[in-house]
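Numbering (our numbering), first residue to last: 338 to 620.
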């Protein structure tokens, strides 16, 4: 599929981006990874790529995220696309966490930027990063090794993981939902609910849906096939349908939105009652 040339990025911003991006560093990253060996090690040979993913370009890259080019350019471009500072924006995921999770799953982890922050914030937790692109996982694995962080990288679909029920205390997703069709986003949240223990948390970092609805040109900056669909829907509504409670969103820096939900305690978690009608949790 030929890349679009009518996006704001291609028409106006690409020359500026090329001046700001360190192409020498990108070439160094490209040459530092044995891509075949890394992908053979990280990839699930039985994985069938969904059409919504393999048949689309993302960020104006032909072939989307299933390319080495996407993996080597993702971090430099994202640093420019997440004002005021990418690390600060991703750090809001950490700030939103209410508990002390011991098992964490980061869905659509890409090159692992948020995943690394999660492991650094909770060094005693077992942390997993899942993504559909083995090329992105190869970069994530390199970054984790450089930071001396032990993270499990999983090649798979966020809407249909192979983990068992109640496997995690926390599930996160950063910048994933605007790159999936709404029907898939809803399935991902259903999967989050299945994977979480009672009282487990789900945290979604993505573009501010209200801002995107009100500012059409923002949806035209990059080649993002699902962003308009995302903009006109509601993560809060999706979470509610999936079964989450105490759902709330916070907007920050106009462009960004973080949404938090909790998996309510199941009725089976309360089996004894005191004389005042209060419940003793049995787990």
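Built from N, CA and C at the ideal position, the CB exists for glycine as well.
Separation of residue j from residue i, as counted between CA atoms
i: residue 278; j: residue 387; result: Here the chain has residues from 338 to 620 only, and residue 278 is not among them.
i: residue 405; j: residue 376; result: 10 Å
i: residue 378; j: residue 446; result: 17 Å
i: residue 350; j: residue 403; result: Confidence at residue 350 is low in this model, with a pLDDT of 46, below 50, so the placement of that residue should be treated as unreliable; the coordinate-derived value is given next. Going from the Cα of residue 350 to the Cα of residue 403 covers about 24 Å.
i: residue 621; j: residue 362; result: No information on residue 621 is available, as it lies outside the stretch 338 to 620 that the chain covers here.
i: residue 509; j: residue 373; result: 29 Å
i: residue 600; j: residue 360; result: 44 Å
i: residue 392; j: residue 400; result: 8 Å
i: residue 528; j: residue 498; result: 8 Å
i: residue 440; j: residue 463; result: 5 Å
i: residue 423; j: residue 417; result: 8 Å
i: residue 345; j: residue 427; result: Below a pLDDT of 50, predicted positions are generally treated as unreliable, and residue 345, at 46, falls in that range; no measurement from the model is reported.
i: residue 595; j: residue 490; result: 24 Å
i: residue 578; j: residue 369; result: 44 Å
i: residue 442; j: residue 525; result: 12 Å
i: residue 535; j: residue 461; result: 20 Å
i: residue 432; j: residue 593; result: 14 Å
i: residue 451; j: residue 477; result: 10 Å
Counterpart residues of residue i in DSSP-defined beta bridges
i: residue 498; result: None, per the DSSP bridge assignment.
i: residue 440; result: 463
i: residue 538; result: 507 and 599
i: residue 544; result: 593
i: residue 472; result: Paired residue(s): none; residue 472 is not in a bridge.
i: residue 398; result: 395
Nonlocal neighbours in the same chain, by C-beta distance under 7 Å from residue i, ignoring five residues either side
i: residue 655; result: A query on residue 655 cannot be resolved here, the shown segment of the chain reaching from 338 to 620 and no further.
i: residue 480; result: 448, 449 and 453
i: residue 581; result: 530, 539, 598, 599 and 600
i: residue 565; result: 556
i: residue 575; result: 522, 523 and 526
Contacting residues, own chain, Cβ-Cβ under 6 Å from residue i (five flanking each side not counted)
i: residue 358; result: 413
i: residue 409; result: 363, 366 and 367
i: residue 613; result: Only weak support is given to the placement of residue 613: the predicted model assigns it a pLDDT of 40, under 50, and the value that follows is read from those uncertain coordinates. If we look at residue 613 and ignore the five residues flanking it on each side, it has no Cβ neighbours.
i: residue 611; result: Reliability fails at residue 611, whose pLDDT of 42 lies under 50, so the model's placement of it is uncertain and the value that follows must be treated cautiously. Taken in chain order, the list of residues that qualify is empty.
i: residue 572; result: 541 and 596
i: residue 507; result: 438, 441 and 538
N- and C-terminal bounds of the alpha helix (DSSP H) containing residue i
i: residue 405; result: 405-418
i: residue 423; result: 423-433
i: residue 367; result: 360-369
i: residue 521; result: 519-532
i: residue 491; result: Looking at the DSSP string, residue 491 is not in any alpha helix (DSSP H); the run it does join, the beta strand (DSSP E), is 489-492.
i: residue 566; result: 564-568
i: residue 457; result: 450-458
Coarse secondary structure for residue i, derived from DSSP in three states
i: residue 586; result: strand
i: residue 516; result: helix
i: residue 381; result: coil
i: residue 389; result: helix
i: residue 376; result: helix
i: residue 555; result: helix
i: residue 481; result: helix
i: residue 549; result: helix
Boundaries of the beta strand (DSSP E) in which residue i is found, first to last residue
i: residue 577; result: Careful: residue 577 lies outside any beta strand (DSSP E), inside the alpha helix (DSSP H) at 572-579.
i: residue 599; result: 593-600
Beta carbon proximity, residue i to chain C, threshold 9 Å
i: residue 514; result: Looking for chain C here will not work: only one protein chain is present.
Same chain, Cβ closer than 8 Å to residue i, five either side skipped, listed in chain order
i: residue 550; result: 568 and 569
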